[in-house]
Amino acid sequence: MSQLKNFTKGFVQENPVFVLFLGLCPVLGTTTSAINGMGMGLATTFVLTMSNVIVSLIKNFIPDKVRIPSFIVIIASFVTIVELTMQAFTPVLFDALGLFIPLIVVNCIVLGRAEAFASKNTFLTSVIDGFGMGLGFTLALVMLGGVREILGSGSLFGIKFIQGDGMILFVLAPGAFIVLGYLIMLMQKLKSKSA
Amino acid sequence: MAKKESTLINMLVALFVVTFGASTALGFIYQITKEPIAAAKLARKLDAIQNVLPEFTNNPNSETYKMPIDGDTLRFYPAKKDNELVGTAVETFTKQGFSGEIKIMVGLLPDGAIYNVAVLEHKETPGLGDKMERKKSDWITQFEGKNPKDFNISVKKDGGDIDAITASTISSRAFCEAVNRAYNAYMEGGKK
Amino acid sequence: MEYIIIIISAIFVNNIVLMKFLGICPFIGVSNKVETAIGMSGAVMFVMVLATLVTYLIQTFVLEPLGITFMQTIIFILVIASLVQMVEIVLKKISPALFQALGIFLPLITTNCAVLGVAILSIQNDYNLIEGVVFAAASALGFGLALLLFSSIREQLDLAEIPEAMKGVPIAFIVAGLLAMAFMGFTGIV
Amino acid sequence: MNSVLLFTIISLSLLGLIAALILYFIAQKFKVYEDPRIDKVEDILPSANCGGCGFPGCRNFAEVLVKADTFDDLFCPVGGNEVMAQAAALLGKEAIEVDPKVAVVRCSGSFEHRPRTNFYDGASNCTIVHNLYTGDTDCPFGCVSLGECVDACDFEAMYMDEKTGLPVIIDEKCVACGACVEACPRDIIELRKRNKKDRKIFVSCINEDKGGIAKQYCAVTCTGCTKCFKVCEYDAIIMNNNLAFIDSEKCKLCRKCVTECPTNAIHEINFPPRRIKIETEAKPGEGEQISTKKVSNN
Amino acid sequence: MYEKINKLITVSPSPHVHSAGSTQKLMTGVLIALIPAFVIGIIMFGWGTLIVTGVAVISCLVFEYVIQKYLLKKEPSVTDGSAVVTGVLLAFSLPVNIPFWLVILGSLVAIGVGKMTFGGLGNNPFNPALVGRVFLFISFPVQLTTWPAPKGFGTSLTDAITGATPLGIIKEGLRNSDSMDTIMQNIRSSKEMLYGHMGGSLGEVAAIALAIGFIYLIMKKIITWHIPITILGTIALFTGIMWLIEPTQNASPVFHLLTGGAILGAIFMATDYVTSPMTPKGMIIFGVGIGLITVVIRRFGAYPEGIQFGILIMNAFVPLINSYFKPKRFGEEVKNG
Amino acid sequence: MLKSFPRGGVHPAENKFSAGNQITKLPLPKTVTIPLSQHIGTPAEPTVQRGDMVKTGQLIGKYKGFVSSNIHSSVSGKVLKVDKALDSSGYKRTSVVIEVNEDIWITKIDRSSDLRKEITVSGDEIINKILDAGIVGMGGAAFPSHVKMSVPKGKKCDILILNGVECEPYLTSDHRLMLEKGEEILVGFRLVMKALNVKKGMVGIENNKPDAISHLSQIAQQYPELEVFPLKVKYPQGGEKQLIKALTGREVPSGGLPIDVGVVVHNIGTAYAVYDAVQKNKPLIERVVTVTGNDVKKPSNFLVRIGTPLNQLVEAAGGIPAQTGKIVNGGPMMGKAMNSLEVPVTKGTSGILLIPEKESKRKPFRPCIRCAKCISVCPMGLEPFLLMTLTEKEIFDRVEKDKALDCIECGSCSYICPANRPLLDYIRLGKFRVGQIIRNRK
Ligand SMILES: Cc1cc2nc3c(=O)[nH]c(=O)nc-3n(C[C@H](O)[C@H](O)[C@H](O)COP(=O)(O)O)c2cc1C
Ligand SMILES: Cc1cc2nc3c(=O)[nH]c(=O)nc-3n(C[C@H](O)[C@H](O)[C@H](O)COP(=O)(O)O)c2cc1C
Ligand SMILES: Cc1cc2nc3c(=O)[nH]c(=O)nc-3n(C[C@H](O)[C@H](O)[C@H](O)COP(=O)(O)O)c2cc1C
Ligand SMILES: Cc1cc2nc3c(=O)[nH]c(=O)nc-3n(C[C@H](O)[C@H](O)[C@H](O)CO)c2cc1C
Ligand code: SF4
Ligand code: SF4
Ligand code: SF4
Ligand code: SF4
Ligand code: FES
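Heads up: the sequence lines are chains U, C, G, R, Z and X, in that order.
Numbered according to our numbering, the first sequence spans residues 1 to 195.
Numbered according to our numbering, the second sequence spans residues 1001 to 1192.
Numbered according to our numbering, the third sequence spans residues 2001 to 2190.
Numbered according to our numbering, the fourth sequence spans residues 3001 to 3298.
Numbered according to our numbering, the fifth sequence spans residues 4001 to 4337.
Numbered according to our numbering, the sixth sequence spans residues 5001 to 5442.
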């Protein structure tokens, strides 16, 4: 697999949200607007890339049986770093994302990639994989956030383009599920057409 | 990928090294971010106070005092300019919100008139109750400069002078309750 | 009364799955059959209560006194992961029957953000020990209720003529959305 | 070093050690052994999960293969000899070569050759019709044309020919999984040896009625006249119950029987055109693979 | 022998006769049963009733046709009449002064999301009309809670004033901690409410008209009594208990029965075949559940009206109910005597 | 309140056109085709060959195995062939074809029309005579009657029921038989009671046959052990499990037989055949067949010899109406559609129904709307809509668990379904598949 393909596979073909159905809680929980989705996506991308880096570096020194706990510690460390940094420098976004920042640690894609990819691949490949997957995740979050924002608030990235409110349901919990459902359907159609 | 056999010793060592490394790194990061985090927190509080009060020069946060009320507490932040009280920011709350507690900051001038009001925290519905936020609509400006002594802080439906947010009487009513709580507490001994 | 409010709130009003978006992966993943849904809910209940209990103790007796609450995430997740493993051993020794029923679900739970989420939430909400445990149990019940309803609907949909493109996960999300919409009716009852 | 840093390090490292200890003991306690070869064999298998091997899915078959002493009677029709050889090599066993097979439809009673005598108006399912009566023609053996076999095929190797009302097998796609054979309530479909270039000769009829009776309702039935039987030099043809059957193991594809059959019940498929034209033979349609003589309608 | 029969004879499995019933006939029956309520709607709220209903029905039909034909690529089956019922019931649960585009949007959600996403008639787990209505209610609470005052018999059709629904008035009052007596002064008498003289959705107001429809449905054997009666009974029972305990805080059961969409929902929406249980026992559980949830939401919830949520929530329970309350099999438990 | 079964049931239009028409004897046909398998169970072994001369009443097929039945010649003449011929099963099966000449009966048969009421033979003898006479159930399933009368060890029969319900629309053969041969039927019934040593006999008749009810009640007054019960008109009142429930309140357990609750049920025609066999030494060689239909000129009830081709009956009833679209052997609910009239009358043939073209085709079916009407009419408490879907999706373990095998194939579900779904077609398929699975399990 070329590195380019390795990088882009997370966008559509192996998109963690639309295809692998992993890490869905933050996807639903933080996408009331495109910008929030983006923030969450980037935070996850950071953790994903960094933990892939470390895991791929130390993979040969870790005994099999403590593989998962070690990975968890590594991931959790990066999550805490993100947490602390965001708290210090982007407190508003931190508040908006709330509980879901610490929950990156249990986000299935992060551990999943570390376990399934980084622990078997070289440094460079793992970095690219982590970054690509992270961007794919971010893409999904921005799409979902964007659609919900457009329908729910009549704006995109905070820029209003209709008078008054949108359909409030889409900013609320049910809207998240419904929009994601239809997005997954569209992406699956897209994928099966491109494949 | 069972490259490495697992023995008790190497498991212990590996995990120890990993946790040791992680905790050291975290410890340091914490040291680094500690200040900015505290600063950010303070800045937000001062920001809120500044929003609701005229100019001041002291640090109201360091002169805070509390008053227990209705099973919770109100916090008072006296703002002084050149050591003279220019107003007090009252952190108040209501539990009558549409979906739970609403926390607001009310800036009261020494005579009890409202200088300004700001929302600190709420869970009201986006598109409805959240119009109390300044950035969502200018509903909140109604309160500016009104003195509850001669301006009835309650929604028109209840015979007051406040226009409710469209279709959000509940939120508006709750908001008024919070403002009144601050005002009453302030007048009944909260003024220091 | 307080407990009742916590319980009703956690099950109906702020259902962790439908309103708080926690534990979505197993909600989508293990909800094809009513039987497995019940097993999963049982396992979640067990772990969630235990995890909340233990993390509460760690928070109040270790992290807070030492002033290292920023280590919450990392310590909690380690504790939960080890706890799940330990539960597996203990369960196997003490109650093989229960182990049979819940065993396969336990490993899935480690990476279920509902457990960590509820542990953190009960600390954020300033619950005391008992309240925290009640909250955890009620949250797990809420999870179970949502999962049970959801899996039974999906079982029925298996027999229905769903459009090809919607089959599988998409329709599951639509059902979840409509379910969440119905549950919005409970807004404000506590 | 300040105390927070110290506490951080101590607490986390301690927890790490405890976790390691717990995990160690777990590892000792739970040694669930699953033969890793199962996964590998499963990877080799085509994962069509068609059941053609006789087991519910590819993984089950992989388990059986790993456990089996010999590969007798174990065969994956989809992967064929190649896959079996790979699996055998992996497991250090010997694969048994099995001749590849292909499905054929042994009925040629198209709408044209077999007039409908009544109108079936019930649920569209071959077994339901079969359990009810002879079907909408009078042939109690023939295809009832409702395509249960086509539905059963997971490999899109079959389709119903709208014009004839008979299922057609696409040789290239058929993997001989036998699902259609299972599905057909009238046992019309048979798996036969796959010859070079997919050539095949078979009696496309399973009618056991006496010739005279069968001809009343189908123009292309096997009447059991034994002409083919007599002409075959390789003893490949068996006569039983008024019906000829060509044994695909013995048949040498000489094509003598084909021309012999008075009702054109014997089909030859994928052969080059004959040099000498037989007088009764009608001009085969374009791209038509089956050489059919026009049967004079009686 | 067959010379005299000029076509091929037909062979099919038994039975060879069929009852006269058909899907269309059932749907038509429901529509007929809704006529009285429609008439009262026109009397109370003017011709707007007709227009809103028309818009809803037409858009439901169009959406059903378009989605079936162009997205699902199936043979359109709009003729079965179920989309018309959905449209009418959606319209009946909306205020008459609602903007048209909202009616169209609601129809789209009802048919598109609530029904066609699941494959159309018979497959949807949630009641489509209610999916549409609750979607609108949550998304556009302003428009959905602005009620026109009824004109009553003989008043002119133009002077629409907005008036709250009785349940809305009570919710307001209780929030204001007014006593029930003062609140009740703002509300019309039960007798007036009985024939629909109150604010509300255009088809929900007239209890008598709806009851006539109910009797028709029962007589035509389109529905059984189980669901409507248990829902209304449960509502009456629980509001009755609360009323007896605390008359200052709770309205009377009669009031609760006559107001809101209780009757419309119980008779026409909870009984939707597709989304309700299939055995009498299951139906009773279903009805009790709806009644309870309705009362809880009305009394304790943020929304004044609960039946729409009650039905939707219980819709979610239907598969579970169906799998635990199977019909009693013949010969299941042997008792001889 | 009339007695009835408690759950389910439908009420299709009765259309009993031929109820007022006396049973008439049909002239002998030129040839008869007598299938060797007219019953459930193993086919009989032929005892004649091509060219043999046979007499009316002579044994031509001997029962083979326990569940099997004797076959007798219904005419006298020459055996043309013993070969496969189309019969009412829809397939060709081994039959004896006889060319009729004169009507010569074997001598032991008492052909007089005297009524012989007194019972002189012992129970075992009765059963033997029934076996010899080749009597099978004439209520539809054609189950060999002697098998039903051999009560298995450990079980006891304490109530015998005579099934005079005739709940199928159109059919009137049992009705006419009760009116014209009431005495004989009750004697036959008492013979069975004696054979089974039963002290209580119940006769169930649907309330739409008041004349038959009063006629039989009157005759039954001389026999204190017999009682006649009018029943509510509701299909399938005549299904034996439903009838037992209605008359005795006993419920045959799922998968069980009537004898499990101490009951045996016999049809009117069977009882008459038993009378003939025991009192007159006459084997089962003729039966009453209704020929009817909306457009049939003379809806009739004929007494016909077994083996007579159906078209002869149709001719006698005024010929086949030009617009006939479907020919049904039996009633409209459970009868079997035929693709030919060249099929012989067998022991189980109770009627021929000619359905006009415009009513013969099914309407296209639509999606199930889960209206639960099929559930509410199913007399067995099944969920037909579910069984159909499960069969379509091939989830046979659930088909089995949801008791598809209990379905009595009454067709009420298909009849009532507003969406016209072919429920019973698929349930039959499901039963068939589950049967295969169960057999493979063993
Ligand atoms: C989904 C939803 C969310 C709502 N959120 C709020 C809210 O946050 N604040 C509020 O006061 N009313 C809210 N409401 C509206 C109330 O239900 C009710 O309509 C309103 O408070 C009373 O109407 P009025 O303000 O026009 O008198 C909401 C309604 C819905 C359907
Ligand atoms: C396989 C089989 C075995 C039966 N065995 C007995 C039996 O032992 N005793 C009995 O009284 N009836 C027996 N019956 C007869 C049934 O109870 C029943 O009368 C018969 O199937 C005809 O019923 P129907 O016309 O309602 O279908 C048996 C039926 C079948 C199909
Ligand atoms: C749905 C259904 C309806 C039936 N209706 C009748 C009926 O009307 N009259 C009748 O004699 N037998 C009817 N039977 C057959 C009876 O169940 C039973 O087999 C018969 O009375 C047994 O008597 P036999 O063995 O003498 O035929 C019906 C069976 C079924 C399954
Ligand atoms: C008694 C009865 C009640 C119905 N109620 C509704 C209803 O409340 N909402 C609706 O959208 N359709 C209703 N329908 C129509 C139809 O069943 C509905 O569109 C299906 O849910 C679509 O699958 C009803 C039909 C009947 C026969
Ligand atoms: S045609 Fe028959 S044997 Fe060939 S792949 Fe299809 S189902 Fe299998
Ligand atoms: S070959 Fe068999 S299964 Fe296929 S259509 Fe013909 S009868 Fe049906
Ligand atoms: S399922 Fe069987 S027993 Fe029930 S109504 Fe249908 S045909 Fe009759
Ligand atoms: S009667 Fe027909 S439409 Fe009604 S539930 Fe049964 S199968 Fe479905
Ligand atoms: S369970 Fe929450 S992200 Fe997977």
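C-beta atoms are modelled at their ideal positions from N, C-alpha and C, and glycine is treated no differently.
Check the Cβ of residue i against every Cβ in chain Z and list those closer than 7 Å, keeping chain order.
{"i": "M187 (chain U)", "result": "Those do not exist, as M187 (chain U) stays about 16 Å from chain Z at its closest Cβ, beyond 7 Å."}
{"i": "L144 (chain U)", "result": "Within 7 Å Cβ-Cβ: nothing; L144 (chain U) doesn't reach chain Z, min ~17 Å."}
So which residues of chain G does residue i contact, with C-beta pairs closer than 8 Å?
{"i": "L1026 (chain C)", "result": "F2070, M2071 and I2074"}
{"i": "A3088 (chain R)", "result": "Within chain G, no residue comes near A3088 (chain R); the closest Cβ sits about 33 Å away, beyond 8 Å."}
Which chain R residues sit within Cβ distance under 9 Å of residue i?
{"i": "G2067 (chain G)", "result": "S3003, V3004 and F3007"}
Pull up the CB-CB distance for residue i and residue j, whole angstroms please, since I reckon it's below 8 Å.
{"i": "L5307 (chain X)", "j": "I5034 (chain X)", "result": "The sequence as given places Gly at residue 5307 (chain X); Leu does not occur at that position. With 8 Å as the limit, G5307 (chain X) and I5034 (chain X) qualify as a contact, their Cβ atoms being about 4 Å apart."}
{"i": "E2088 (chain G)", "j": "L2106 (chain G)", "result": "5 Å"}
{"i": "A3265 (chain R)", "j": "S3204 (chain R)", "result": "6 Å"}
{"i": "V5075 (chain X)", "j": "V5048 (chain X)", "result": "So it is not a contact: roughly 13 Å between Cβ atoms."}
Under 9 Å between beta-carbons, which chain X residues line up against residue i? List them in chain order, please.
{"i": "I3128 (chain R)", "result": "P5422, D5425, Y5426, R5428, L5429 and F5432"}
Applying a beta-carbon distance threshold of less than 7 Å, which residues of chain U neighbour residue i?
{"i": "Y1030 (chain C)", "result": "L84"}
Output, in chain order, the set of chain Z residues within a Cβ distance shorter than 8 Å of residue i.
{"i": "L172 (chain U)", "result": "I4138"}
{"i": "G5293 (chain X)", "result": "The premise fails here: G5293 (chain X) is roughly 11 Å from chain Z at the closest Cβ pair, so nothing lies under 8 Å."}
Starting from the beta carbon of residue i, find every residue of chain U whose beta carbon is closer than 8 Å, and list them in chain order.
{"i": "N2112 (chain G)", "result": "V106"}
Along chain R, in chain order, which residues have C-beta atoms closer than 7 Å to that of residue i?
{"i": "P4013 (chain Z)", "result": "G3122, I3128 and L3132"}
{"i": "V73 (chain U)", "result": "G3016"}
Mind listing the chain X neighbours of residue i? Cutoff is C-beta to C-beta under 8 Å, in chain order.
{"i": "R4329 (chain Z)", "result": "S5254, M5380, G5381, L5382, K5403 and D5406"}
Just the chain G side, please: which residues come within less than 9 Å of residue i by C-beta, in chain order?
{"i": "I5418 (chain X)", "result": "The amino acid occupying residue 5418 (chain X) in the given sequence is Pro; Ile does not appear at that position. Here the premise fails: no neighbours, minimum Cβ distance about 18 Å."}
{"i": "L22 (chain U)", "result": "C2025"}
For residue i, return the contacting residues in chain Z, with the cut-off set at a CB-CB distance below 9 Å.
{"i": "F3118 (chain R)", "result": "This sequence places Asn at residue 3118 (chain R); Phe is not what is there. L4008, I4009, T4010 and V4011, listed in chain order."}
- Query: What residues sit near ligand 7, counting only those whose C-beta is closer than 7 Å to one of its heavy atoms, in chain order?
  - Reply: Those residues that bring their Cβ nearer than 7 Å to a heavy atom of ligand 7 are X:G5008, X:C5374, X:V5377, X:C5378, X:P5379, X:M5380, X:L5382, X:P5384, X:L5387, X:C5407, X:I5408, X:E5409, X:C5410, X:G5411, X:S5412, X:C5413, X:S5414, X:L5423, X:L5424 and X:I5427.
- chain C contacts from the stretch 157 to 170 of chain U (Cβ-Cβ distance under 7 Å): Residues of the stretch 157 to 170 of chain U that bring their beta carbon within less than 7 Å of a beta carbon in chain C comprise D165 and I168, in sequence order.
- Message: Does the contact criterion of 3 or more C-beta pairs under 8 Å hold for the stretch 5330 to 5348 of chain X versus the stretch 5055 to 5063 of chain X?
- Response: With the cut-off at 8 Å, the stretch 5330 to 5348 of chain X and the stretch 5055 to 5063 of chain X do not touch.
- Taking three-plus beta-carbon pairs below 8 Å as touching, is the stretch 3009 to 3021 of chain R in contact with the stretch 1015 to 1027 of chain C? Enough Cβ pairs lie closer than 8 Å, so yes.
- Stretch pair the stretch 5288 to 5297 of chain X + the stretch 5350 to 5359 of chain X: three plus CB contacts closer than 8 Å: Segments in contact, yes.
- Message: When you compare the stretch 3177 to 3184 of chain R with the stretch 3228 to 3243 of chain R, are there three or more beta-carbon pairs, one atom per stretch, that lie closer than 8 Å?
- Response: Contact fails between the stretch 3177 to 3184 of chain R and the stretch 3228 to 3243 of chain R, because fewer than three Cβ pairs, one in each stretch, are under 8 Å apart.
- How do the stretch 5152 to 5165 of chain X and the stretch 5185 to 5200 of chain X stand: do at least 3 beta-carbon pairs fall below 8 Å, yes or no? Yes, since at least three Cβ pairs between the stretch 5152 to 5165 of chain X and the stretch 5185 to 5200 of chain X fall closer than 8 Å, the two stretches touch.
- Got a sec: which bits of the stretch 1127 to 1149 of chain C sit with their beta carbon under 8 Å from any beta carbon on chain U, in order along the chain? Taken in chain order, the members of the stretch 1127 to 1149 of chain C whose beta-carbon sits within less than 8 Å of a beta-carbon on chain U are G1127 and L1128.
- Query: Given 8 Å as the limit, is there contact between the stretch 4026 to 4042 of chain Z and the stretch 4061 to 4068 of chain Z, that is, 3 or more CB pairs closer than that?
  - Reply: No, the stretch 4026 to 4042 of chain Z is not in contact with the stretch 4061 to 4068 of chain Z.
- Query: Using 8 Å as the Cβ pair cut-off and three pairs as the minimum, do the stretch 144 to 153 of chain U and the stretch 176 to 190 of chain U touch?
  - Reply: Touching, per the Cβ criterion.
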